[in-house]
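First comes the structure, then the notes that go with it.
Number of protein chains: 4
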Amino acid sequence: MLKVGVIGYGYWGTNIVRNFHQCQESCVEMVCDKNTKMLQRLSQSYPNIRTTTDYNDVINDAQIDAVAVVTPVWAHYELAKQALKSGKHVFVEKPFTCSVTQADELIDLAEAKGLQIMVDHTFLYTGAVKKIRDFIDNGTLGNLYYYDSTRVNLGLFQHDINVLWDLAPHDLSIMDHLIDAKVEAISATGQKHLNGHEDVAFLTVYFSNKVIAHINVNWLSPVKIRTTLIGGENKMLVWNDLEVDEKIRVYDKGVRIQNSNDVYNLLVSYRSGDMWAPQVDRGEALSEEVSHFVDCIRAGKKPKTDGHAGRRVIQMLEAANKSLLNRGEAVAL
Amino acid sequence: MLKVGVIGYGYWGTNIVRNFHQCQESCVEMVCDKNTKMLQRLSQSYPNIRTTTDYNDVINDAQIDAVAVVTPVWAHYELAKQALKSGKHVFVEKPFTCSVTQADELIDLAEAKGLQIMVDHTFLYTGAVKKIRDFIDNGTLGNLYYYDSTRVNLGLFQHDINVLWDLAPHDLSIMDHLIDAKVEAISATGQKHLNGHEDVAFLTVYFSNKVIAHINVNWLSPVKIRTTLIGGENKMLVWNDLEVDEKIRVYDKGVRIQNSNDVYNLLVSYRSGDMWAPQVDRGEALSEEVSHFVDCIRAGKKPKTDGHAGRRVIQMLEAANKSLLNRGEAVAL
Amino acid sequence: MLKVGVIGYGYWGTNIVRNFHQCQESCVEMVCDKNTKMLQRLSQSYPNIRTTTDYNDVINDAQIDAVAVVTPVWAHYELAKQALKSGKHVFVEKPFTCSVTQADELIDLAEAKGLQIMVDHTFLYTGAVKKIRDFIDNGTLGNLYYYDSTRVNLGLFQHDINVLWDLAPHDLSIMDHLIDAKVEAISATGQKHLNGHEDVAFLTVYFSNKVIAHINVNWLSPVKIRTTLIGGENKMLVWNDLEVDEKIRVYDKGVRIQNSNDVYNLLVSYRSGDMWAPQVDRGEALSEEVSHFVDCIRAGKKPKTDGHAGRRVIQMLEAANKSLLNRGEAVAL
Amino acid sequence: MLKVGVIGYGYWGTNIVRNFHQCQESCVEMVCDKNTKMLQRLSQSYPNIRTTTDYNDVINDAQIDAVAVVTPVWAHYELAKQALKSGKHVFVEKPFTCSVTQADELIDLAEAKGLQIMVDHTFLYTGAVKKIRDFIDNGTLGNLYYYDSTRVNLGLFQHDINVLWDLAPHDLSIMDHLIDAKVEAISATGQKHLNGHEDVAFLTVYFSNKVIAHINVNWLSPVKIRTTLIGGENKMLVWNDLEVDEKIRVYDKGVRIQNSNDVYNLLVSYRSGDMWAPQVDRGEALSEEVSHFVDCIRAGKKPKTDGHAGRRVIQMLEAANKSLLNRGEAVAL
């Protein structure tokens, strides 16, 4: 039974606690938050979980095996570092850290101590992403052309990070998982309208093998959109995460170009066939993720979203921020 | 009665001919195309229109007052130049020319000869764009934050231009018409997968006053999307051009940030109210555009989409192509 | 080459003329309409077709082999009868006649004269209906449970018939084509609000083998809906005729009930699988229908939508009208 | 503080318990269910609530002021009767009882004892229904023409009632609340395919003043639909309860018929204007309902959905069942 301490009991913290609580192989020992009202609510639902407003109580508790850091980004590094130093495995909210330097330090520390880091890139544990990965592995899509995601809504403005750091980690971790090619360069554009951080931003990731990815994130959209187009040589798909029943639609569509000496007589043929919406596992992703974390600690194996996976996302975000300052000038990775 | 000669009778040419034919104040005198089958079809529908496979017949015809150039882009400049030299007003398909230099030459020529140039930026004559312009003029939207358009579908691959030159002129001309700010810089990213031209591309336009525009164009999308989000200080709108009945939806949504000395206690308030889909004029845009062309020639006044409007679009496309070569490096205008 | 005369050149008449004109094996000889403006328009597009305002000119013309009756319903019987008497094959707009008696008389007359009757139930020639028929024939759907169609919009009010006679013939002919069971009884309810005819109506058709069909028609709906649910033992489908690309969606869903002695412990299991949108032929249905008419006349064979098919629809409409008068009391067929 | 006992802790029971628990003026004293696993789950979340498998414990408990009956329909009458006899107010799941006779008996008993009955017609407490009622009260819609609801999905088959008794009570209670006219007659059609109860059914309600209502319910639909069209003389609306953000859309559409001596020259004019989606209160309906129940008991006033409201729904269901047996023959009320 893995004993978990949770630091941060806001909106997402409640889900983390619930899942570690429901998991057969783990239990929540202690929860820390500065907001005592939230702690009272917790006690109503979970009378057996100890509460504290001092994170040191969690980090130094001898009973606790692993610490979940579910705070704003700026606090991740310090809390994770202290937890690792105190011999605890860590589960860290996304994005992992504020910089690659911080990420490297945590990864090294964990390795030195023989501890596990898991970054909470929840989407990798959803039925939708697992299904898309299957379609790549079994050749359904063929070679990938592009990944194009729109992730926009009204708010919630973050105070310490821009919209890229808030929303793009989802897509960056998904891309990192799905696209079997090397990131070559990143270009980002955007604008700050309200609180000194970019609230509208656009990110292009150049991969090797001519794969290109694009992410559109926006805190100022009147409508919520969670749509990703993925184009492959054989088939193309649309993933609409707001659909309840048919999140993924696979289109038997394609383009074939026949070589010709004369560019003006290039033969382009279009293929159009059936559309197909495969059934997608509807289990709660966080539940599977938490089980995976517990399993990895037990078996001493690397989680799917370990510190290195978290670091790759931070590296892309750092490059994106640098590119943003220069209005889209590509930053090589 | 304005007598019009049309060069190019492909898909769009048939609409041009139909509209000049139906317009009370104009008639089609002659149509030129290399494809004699298309000319036979024309004759079935319009037995009184003369046909030819030699564009010189159109350009040199003494009866003809104006020439419509409805050919691929690479031919626009030469045909328009000859038509202007021959004393004809010209109506040119979008994009206007292949370069700013060509556009300047045509504009100068037309001015020297006292002739009109009109570029076929049809969208500016649609009910949807006119309604959005009204919402800007009467303050409904308030100061603009961003313009974000997605214009993707499968094909049709062009042989002489990339997807930006094919699809982005629509949005560039609409932006040029709607956004009352100066273009400062352009950043474009994209990738070539099939025929040596970019088939997926993303364009960011930095305007003064923190307005930002973004255009997502793609010939390799399994679904057709024609959606534009426009964010303003007072209201925000979604224009879905594929909707038959409710193309424009105006959302009474907004964000207000209260200044605070402490960034971590910044007060962000969200306003959420009714949605409203105003009735939009459904008249055929091309019909109104053709009437406008005829009126302008008669009255000797500048068309809404004159050579200068066409040139501004070409200038942005040239900058975009330059930026594409450098993976998003901004090109100042 | 079948020579066709057309009586009635309103909205649908223009489609009829265009299709008989484009068909390789037929041509339009003469068109009759009382509205001389419509005839002038016709002459602009088809200078070689003769026009008249007297339908006798069509019926008595020696050149004409077949007469298309594209008028309001009340005139079908008289015009078709005279055309048949004059030795012409007839193509009659739906609904076939005003009564079963009229239908019988026309069928008998045609048989006596060796002439063909075709009723314009266009939907039976669409890709969507052909695809659904395939799914029934190849067992994809399994035994049918129900057919449930909603066909509503604002207007167009007809002056001589109620909304059932206006809109339900589409579904009645489709049902007649798809459902391999006998109609047992019909129940119809509805209400008259504006012009003395029912503008909202609901029709239930009881078939043998527990198949049930339902049709919801309405001239007073703020939105246009053309959606049909078809439930089968193996699979279920939704046909949304307003979709451009994915008109038919097949759901791998089902219910299985295990027999049990105890009704309260009845075991119900639900099956939920993939959804699948097969590609549907997009050819113009009327074009195929017109070719079929010409072929049938040539080969002396019965059209798919012959007089008997038209009569079965009229029989159901007559029963529905009778049921309407008694607020839903079933009328046995 | 109203002390509530709850009988039945299935899916809906959990919502009832949560809402009586969260309500400031009530608390849950005891919960009864035959399923001890459910009771264990309850104890985990609410350690202070007593549990029992014998409903008599609830009914006879001296502490308890009110009993919520959240069981299958067949048990409502007996449990409510015993609770009333024991001096408890009752909150009964919909549909109220199995027959009008039972309903009358409970109403009489409650009145004799000075106790309140509330039937759980939750929809009447939703933002959507309240907004529609506002539109009727303030004349936005004008005189009503029709109410047309589609409420279909796959399962959940009930063992003791047909699909009408399962799904139609929602619409019947909403209609009863919205339509200010007298029910004259009811016609129902349907079919039994699987378990001996109708799983597909269609209900027409004839009101005075030419208002007509129609309800389409189905346990065998591959898709879930919750859409109601409401047509009025001034405006029409579509209520799609599955929409998250824009549940109600009001259309400025209408039809006007100008009287004419000649029916064939009847002038029909169509009005088409803006569409408007008013913001709708998103509060949980059950929370408001539970507060209303507590308030009514305190103040001794009749709940909005009292026993009489529940009885009117049962009366319509009884008539519908009778009509179903005769394939749609209207039953007068």
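Protein chains in written order, with the numbering used here: chain A, -9 to 323; chain B, -9 to 323; chain C, -9 to 323; chain D, -9 to 323. All C-beta atoms in this analysis are idealised placements derived from N, C-alpha and C, irrespective of residue type, glycine included. Since the model is a prediction, treat every value here as computed from it, not as a measurement.
CB contact below 8 angstroms: Gly297 (chain C) versus chain D: No - not a single Cβ of chain D is within 8 angstroms of the one on Gly297 (chain C).
Close beta carbons around Leu99 (chain B), own chain, < 6 angstroms, minus the five adjacent residues each side: Leu74
Opposing strand residues paired with Met20 (chain D) [DSSP bridges]: DSSP lists D:Gly(-5) and D:Arg40 as partners of Met20 (chain D).
Chain B contact residues for Pro212 (chain D), given Cβ-Cβ distances below 7 angstroms: The contacting residues do not exist; Pro212 (chain D) stays about 22 angstroms from chain B at best.
Cβ-Cβ distance between Ile(-3) (chain A) and Thr61 (chain A) below 8 angstroms: yes
Continuous alpha helix (DSSP H) assignments of at least 4 residues falling wholly in the stretch 32 to 116 of chain D: Unbroken alpha helix (DSSP H) runs of no fewer than 4 residues, entirely contained in the stretch 32 to 116 of chain D, are found at 45 to 49, 66 to 75 and 90 to 103, following chain order.
Members of the stretch 21 to 55 of chain B near chain C, C-beta cut-off 8 angstroms: Contact residues of the stretch 21 to 55 of chain B toward chain C are Ser35 and Pro37 (C-beta to C-beta distance below 8 angstroms).
Per-residue DSSP class, three states only, for Trp2 (chain C): helix
Where Tyr260 (chain B) meets chain A, residues with beta-carbon distance less than 7 angstroms: At a beta-carbon threshold of 7 angstroms, the residues of chain A lying near Tyr260 (chain B) are Leu144 and Gly145, ordered along the chain.
Rounded separation between Asp231 (chain C) and Leu219 (chain C) - CA only: 11 angstroms
Nearest residue (CA-CA) to Gln72 (chain A), options A:Val90, A:Ile6, A:Asp51 and A:Asp23: A:Asp51
Beta carbon proximity, Phe125 (chain B) to chain A, threshold 8 angstroms: no
Residues near Glu19 (chain C) by beta carbon distance below 6 angstroms, same chain, minus five either side: Lys(-7), Gly(-5), Gln53 and Ile54
Reduced DSSP secondary structure (H/G/I, E/B, other) of Asn143 (chain A): In the three-state reduction of the DSSP assignment, Asn143 (chain A) falls in the strand class, which pools E and B.
Beta-carbon proximity list for Val280 (chain A), same chain, < 6 angstroms, skipping 5 on both sides: Asn9, Phe10 and Cys13
Cβ pair Thr179 (chain B), Ser177 (chain A) closer than 8 angstroms: Yes, Cβ-Cβ distance for Thr179 (chain B) and Ser177 (chain A) is below 8 angstroms.
Proximal chain C residues relative to Val284 (chain D), where beta-carbon distance stays under 8 angstroms: Result: empty, since nearest Cβ-Cβ is about 34 angstroms, beyond 8 angstroms.
Member of D:Lys103, D:Val63 and D:Trp64 whose CA lies at the smallest distance from the CA of His79 (chain D): D:Lys103
Boundaries (first-last residue) of the beta strand (DSSP E) holding Gly222 (chain B): Leu210 to Gly222
Boundaries (first-last residue) of the alpha helix (DSSP H) holding Lys312 (chain A): Here the alpha helix (DSSP H) through Lys312 (chain A) covers Gly297 to Leu315.
Test: Gly(-2) (chain D) CB closer than 8 angstroms to a CB of chain C: no
Whether Val303 (chain B) touches Leu157 (chain B) by CB criterion (8 angstroms): no
Identity of the residue in D:Phe283, D:Thr4, D:Thr295 and D:Cys22 nearest Pro159 (chain D) by Cα: Ranking D:Phe283, D:Thr4, D:Thr295 and D:Cys22 by Cα distance to Pro159 (chain D) puts D:Thr295 first.
DSSP three-state assignment for Ala171 (chain C), whether helix, strand or coil: coil
Unbroken alpha helix (DSSP H) run spanning Ile151 (chain D), endpoints: Premise fails: Ile151 (chain D) is in no alpha helix (DSSP H) and is neither H nor E.
Contact set between Glu236 (chain D) and chain B, taken where Cβ atoms lie within less than 8 angstroms: Against chain B, the beta carbon of Glu236 (chain D) has neighbours under 8 angstroms at Met265, listed in chain order.
Inter-residue Cα distance where the pair is Ala275 (chain A) and Leu184 (chain C): 55 angstroms
Local conformation of His11 (chain D) per DSSP, three classes: DSSP places His11 (chain D) within a helical segment (H, G or I) once states are collapsed to three.
Residue-chain proximity (Leu157 (chain C), chain D), Cβ-Cβ < 8 angstroms: It does not: the Cβ of Leu157 (chain C) has no partner Cβ on chain D nearer than 8 angstroms.
Spatially closest choice to Leu144 (chain A) from B:Met226, B:Thr217, B:Ser139 and B:Ala70, by CA coordinates: Nearest option by C-alpha distance: B:Met226.
Identity of the residue in D:Ile247, D:Glu278 and D:Lys182 nearest Leu210 (chain D) by Cα: Sorting D:Ile247, D:Glu278 and D:Lys182 by C-alpha distance to the C-alpha of Leu210 (chain D) places D:Lys182 at the top.
Contact under 8 angstroms by Cβ, Val270 (chain B) with Ala118 (chain B): yes
For Arg216 (chain C) and Leu168 (chain C), believed in contact at Cβ under 8 angstroms, the rounded distance: With a Cβ gap of about 16 angstroms, Leu168 (chain C) and Arg216 (chain C) do not count as contacting.
Chain-order list of residues whose beta-carbon lies under 7 angstroms from that of Val245 (chain D) (same chain, five-residue window excluded): Val258 and Tyr260
Separation of Asp189 (chain A) from Asp150 (chain A), as counted between CA atoms: For Asp150 (chain A) and Asp189 (chain A), the distance between alpha carbons rounds to 12 angstroms.
Alpha-carbon spacing of His282 (chain B) relative to Val109 (chain B), whole angstroms: 12 angstroms
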